[in-house]
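Quick note: the sequence shown uses this note's numbering, first residue 3, plus one each step. By construction, the Cβ of each residue, glycine as well, lies at the ideal position given by its N, Cα and C atoms. These numbers come from a predicted model, not from an experiment. Reading through the structure tokens given below for one structure.
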Amino acid sequence: MRGASNEEIAAAWHRSISVVELHVSSVLRKAGVGSRTELVSRCLGG
């Protein structure tokens, strides 16, 4: 879901916002980054 907010993802996946936030923070922590923007930059070799 390109550019989707936590709220939009939660609605699309029929999950609570807190569940989405938990998953996003887990991915960011595992990747060693502090934001979605930083994650994308790292994935693109930035």
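Residue i - DSSP class collapsed to helix/strand/coil
{"i": "residue 6", "result": "coil"}
{"i": "residue 18", "result": "coil"}
{"i": "residue 37", "result": "coil"}
{"i": "residue 46", "result": "coil"}
Rounded C-alpha distance that separates residue i from residue j
{"i": "residue 48", "j": "residue 42", "result": "8 Å"}
{"i": "residue 16", "j": "residue 44", "result": "29 Å"}
{"i": "residue 35", "j": "residue 24", "result": "15 Å"}
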